[in-house]
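Per this note's numbering, the sequence shown starts with residue 1218, numbered consecutively. Data block below; observations after.
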Amino acid sequence: MVIERSVVDHVARLARLDLSEEERARMGAELSQILAHADRIQALDLDGVEPTSHAVPVVNALRQDEVKPSLEQEESLAGAPAVEAERFRVPRIIEEP
């Protein structure tokens, strides 16, 4: 499956990436490989295979929280496309009834 440049440009725009021509070409090839692999997985006959949430049993997956240094609020908001009242501003996706 060949990924068209318009799709690569759309994905890059959604991810807010500024890609060079070389990166666009490489991204298109990589996306094609990923989708081809997904197609191969989709074609597998899984009749009789029990659904699982983990391939191996998970025991004691939780750990104690540790306080570690993090970004200051200014640093966190510096890369945001829109900020309002010292918060990330995002488009409304749910309309009021």
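Every residue gets a Cβ at the ideal spot worked out from N, C-alpha and C, and that includes glycine.
Where the alpha helix (DSSP H) containing residue i begins and where it ends
i, result
"D1256", "E1238 to Q1259"
"N1234", "Inspection of the sequence shows that residue 1234 is occupied by Leu rather than by Asn. Counting along the chain, L1234 falls outside any alpha helix (DSSP H), and DSSP gives it neither H nor E."
"E1292", "Q1290 to A1295"
Cβ distance (whole Å) where residue i is taken to contact residue j below 8 Å
i, j, result
"M1244", "L1231", "Contact flag wrong, Cβ pair sits at about 12 Å."
"V1228", "R1241", "About 10 Å; that fails the 8 Å criterion."
"V1300", "R1309", "Not really, about 16 Å apart at Cβ, beyond 8 Å."
For residue i, the residue or residues it bridges with in DSSP
i, result
"R1304", "E1301"
Buried or exposed by the 16-neighbour rule on C-beta atoms within 10 Å, applied to residue i
i, result
"V1275", "exposed"
Touch test, the segment 1250-1269 against the segment 1218-1228, Cβ-Cβ under 8 Å, three pairs minimum: yes
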